[in-house]
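Notes follow the structure.
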Amino acid sequence: MSDVPNRRRDDEEEAAEEQQQRRRDHRSTTTSENDEAPPYPVKQSRGGGPRKGHTKSRNGCIGCKRRRVKCSERRPECEGCLRMGLVCEWAWPAKRVLRGAEGSVRWAAVGDSSSGDGEDEEREMVMRMGMGIGGPPPPVSGMEDLRFFQHFMLDAVPPLPVGGGEVWRGVARMAHEYDFLMHAVLALGASHLSLCSTMGGSSSDSSLSPSVTGVMERQALGHRVRAIRALNDKLSGGRLSRVDGDAAFAAMLALTFQAGYMVDGMGDFVAMVRGCHVVADNAMPCFPDSAFRGFAGPAYVSGFRSLLQPDHHHGRTPRLEDTREEDTREVLDGFVGSLRDVGALCGSVCEVEYLAGMKRVVGLAIAGSEDAYLEFAAMYNRLGEMSSDEFVRFSAAGNHAARILLGHFFLLAQVVEMINHRRGRSREGRFRARVTLAWLERIEEGLPGELKGYLGWSLGFARGRMRRLDGGEGGCVRMGLS
Numbered sequence: 001m002s003d004v005p006n007r008r009r010d011d012e013e014e015a016a017e018e019q020q021q022r023r024r025d026h027r028s029t030t031t032s033e034n035d036e037a038p039p040y041p042v043k044q045s046r047g048g049g050p051r052k053g054h055t056k057s058r059n060g061c062i063g064c065k066r067r068r069v070k071c072s073e074r075r076p077e078c079e080g081c082l083r084m085g086l087v088c089e090w091a092w093p094a095k096r097v098l099r100g101a102e103g104s105v106r107w108a109a110v111g112d113s114s115s116g117d118g119e120d121e122e123r124e125m126v127m128r129m130g131m132g133i134g135g136p137p138p139p140v141s142g143m144e145d146l147r148f149f150q151h152f153m154l155d156a157v158p159p160l161p162v163g164g165g166e167v168w169r170g171v172a173r174m175a176h177e178y179d180f181l182m183h184a185v186l187a188l189g190a191s192h193l194s195l196c197s198t199m200g201g202s203s204s205d206s207s208l209s210p211s212v213t214g215v216m217e218r219q220a221l222g223h224r225v226r227a228i229r230a231l232n233d234k235l236s237g238g239r240l241s242r243v244d245g246d247a248a249f250a251a252m253l254a255l256t257f258q259a260g261y262m263v264d265g266m267g268d269f270v271a272m273v274r275g276c277h278v279v280a281d282n283a284m285p286c287f288p289d290s291a292f293r294g295f296a297g298p299a300y301v302s303g304f305r306s307l308l309q310p311d312h313h314h315g316r317t318p319r320l321e322d323t324r325e326e327d328t329r330e331v332l333d334g335f336v337g338s339l340r341d342v343g344a345l346c347g348s349v350c351e352v353e354y355l356a357g358m359k360r361v362v363g364l365a366i367a368g369s370e371d372a373y374l375e376f377a378a379m380y381n382r383l384g385e386m387s388s389d390e391f392v393r394f395s396a397a398g399n400h401a402a403r404i405l406l407g408h409f410f411l412l413a414q415v416v417e418m419i420n421h422r423r424g425r426s427r428e429g430r431f432r433a434r435v436t437l438a439w440l441e442r443i444e445e446g447l448p449g450e451l452k453g454y455l456g457w458s459l460g461f462a463r464g465r466m467r468r469l470d471g472g473e474g475g476c477v478r479m480g481l482s
């Protein structure tokens with residue numbers, strides 16, 4: 001009886017072994033019948049064979065496409081063209097791929113000129129960037145950021161460099177790759193939109209309540225702080241590549257223009273103007289090769305001179321603000337008198353040079369020379385040319401003489417401002433007038449009683465001009481991308 005369980009166990013083990021052998025034989029037979037059959041369905045191509053496991057790249061050079069050979073896509077010269085001694089040509093700039101923390105792919109291409117100049121094409125581009133149509137979504141967090149980005153693209157694009165619309169289109173694409181640049185762009189868009197809403201001129205946001213505008217201003221400041229922190233981290237790594245340098249310089253410019261829309265941003269504006277020079281001189285490999293080379297001397301001057309050519313519609317050259325000639329001369333004479341009084345306060349070399357520069361600008365304006373604006377624009381360079389110690393002393397809050405000089409300098413921008421060289425720029429001038437008045441009032445608040453009179457003429461002019469502008473047409477103008 002004891003042998004029965006053992007015999008039964010042996011029979012079960014033999015049956016299990018036979019079943020495993022049959023399975024092995026079946027797999028072997030199936031494999032021999034079709035050695036290349038994959039263990040999953042394969043979509044068949046028109047040729048009948050399985051589709052290859054890679055996508056076809058369309059980023060090769062023109063020469064390799066013409067020869068119908070695979071391109072290594074190495075820039076500026078691919079391996080095939082280099083080996084054959086041919087000129088390697090590319091139809092578009094290289095696209096750089098970055099993978100985020102969640103594996104998402106983000107593309108960026110600087111200088112891609114596929115977008116048109118029409119307003120409809122601009123809006124379509126904005127929506128593609130914002131909503132991810134036709135590409136990966138941008139690194140923005142929520143509808144508010146999308147709103148700021150759209151406002152930047154359609155209303156708040158900086159007017160410099162001259163004719164730089166294509167440059168800023170490239171910046172908008174780059175922003176999806178550099179967090180510090182995206183935050184800088186959003187900060188600029190938010191501050192400009194807040195100013196539009198405060199002054200009641202935005203077509204879509206004129207009815208915003210003060211509380212909503214206050215929230216918008218805090219969001220703008222938050223983006224500004226994050227942009228500066230991230231940019232400092234980037235700059236601390238040493239000299240940048242050309243593309244990284246363009247991104248850093250674009251962020252500095254965006255933050256500079258944002259400060260120009262902040263009623264308490266005068267100190268930030270001065271610091272950012274100097275920061276642009278520092279980045280261009282010390283962090284960028286070669287500024288003349290940059291997308292922003294339009295800021296370089298000859299290109300900058302020629303760009304402005306092209307804008308100051310005679311108006312073909314009216315047969316005249318754009319001059320100072322459209323006021324009566326005698327009123328313009330009265331303003332310039334008043335400015336000269338105010339500068340003469342301020343001269344008694346100037347003690348340092350920087351202060352004396354700044355005063356002399358403003359006198360030259362006013363003299364050119366009195367003579368009716370278009371060089372007045374060019375000379376004024378060149379004065380911004382002085383902030384970058386100062387040594388670190390000179391700049392610290394000049395920009396210190398307790399340097400009352402320098403503060404009074406800066407107040408005159410910002411007001412001078414309005415006195416010599418050309419008109420009609422940008423469509424609708426007069427409305428943007430209203431924004432600058434409001435911010436400049438706020439800066440002058442803050443300077444005066446910080447002055448001792450015996451020095452307040454040195455801003456008397458400047459404040460009187462700024463307040464009077466603001467009243468005139470408020471009584472006329474105002475609001476948020478569509479600057480667009482030229």
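482 is the number that full-length UniProt numbering gives the last residue of the sequence shown; the numbers go up by one with no jumps. Yeah, the Cβ is synthetic: ideal placement off N, Cα and C, and Gly gets one too. Note that the structure is predicted; figures quoted are calculated from it, not measured.
DSSP three-state assignment for residue i, whether helix, strand or coil
i, result
"residue 232", "helix"
"residue 81", "helix"
"residue 241", "coil"
"residue 263", "coil"
"residue 173", "helix"
"residue 90", "coil"
"residue 160", "coil"
"residue 380", "helix"
"residue 388", "helix"
"residue 69", "coil"
"residue 178", "coil"
"residue 64", "helix"
"residue 248", "helix"
"residue 75", "coil"
"residue 368", "coil"
"residue 500", "Since the first residue of the chain shown is 1 and the last is 482, residue 500 is not available in this structure."
"residue 269", "helix"
"residue 59", "coil"
Close-in-space but distant-in-sequence residues of the same chain around residue i (CB under 7 Å, 5 per side omitted)
i, result
"residue 145", "186"
"residue 219", "144, 190"
"residue 444", "452, 455, 459"
"residue 341", "454"
"residue 416", "320, 361, 365, 372, 373, 376"
Nearest-angstrom Cα separation, counted from residue j out to residue i
i, j, result
"residue 196", "residue 254", "17 Å"
"residue 449", "residue 231", "40 Å"
"residue 181", "residue 225", "12 Å"
"residue 453", "residue 188", "34 Å"
"residue 343", "residue 272", "26 Å"
"residue 484", "residue 68", "Summary: the structure shown does not reach residue 484, with the chain confined to residues 1 through 482, and so no result is reported for it."
"residue 82", "residue 58", "19 Å"
"residue 437", "residue 462", "6 Å"
"residue 268", "residue 372", "26 Å"
"residue 388", "residue 150", "37 Å"
"residue 353", "residue 65", "59 Å"
"residue 336", "residue 348", "20 Å"
"residue 215", "residue 222", "11 Å"
8 Å Cβ shell around residue i - same chain, five flanking residues per side excluded
i, result
"residue 435", "195, 260, 261, 262, 263, 265"
"residue 381", "277"
"residue 60", "70, 71, 73, 78"
"residue 89", "61, 62, 63"
"residue 334", "457, 461"
"residue 241", "285"
Heavy atom of the ligand ADP within 7 Å of residue i beta-carbon
i, result
"residue 188", "No copy of the ligand ADP appears in this structure; indeed no ligand is present at all."
Neighbourhood of residue i by C-beta, 6 Å cutoff - its chain only, sequence neighbours within 5 removed
i, result
"residue 235", "283"
"residue 167", "291"
"residue 345", "401"
"residue 247", "174, 178, 181"
Sequence ranges, alpha helix (DSSP H) only - wholly within the segment 390-462, length at least 4 = Listed in chain order, the complete alpha helix (DSSP H) runs (minimum 4 residues) inside the segment 390-462 are 400-415, 425-445.
Mind pulling the alpha helix (DSSP H) runs of 4 or more residues that sit fully within the segment 325-360?
325-342
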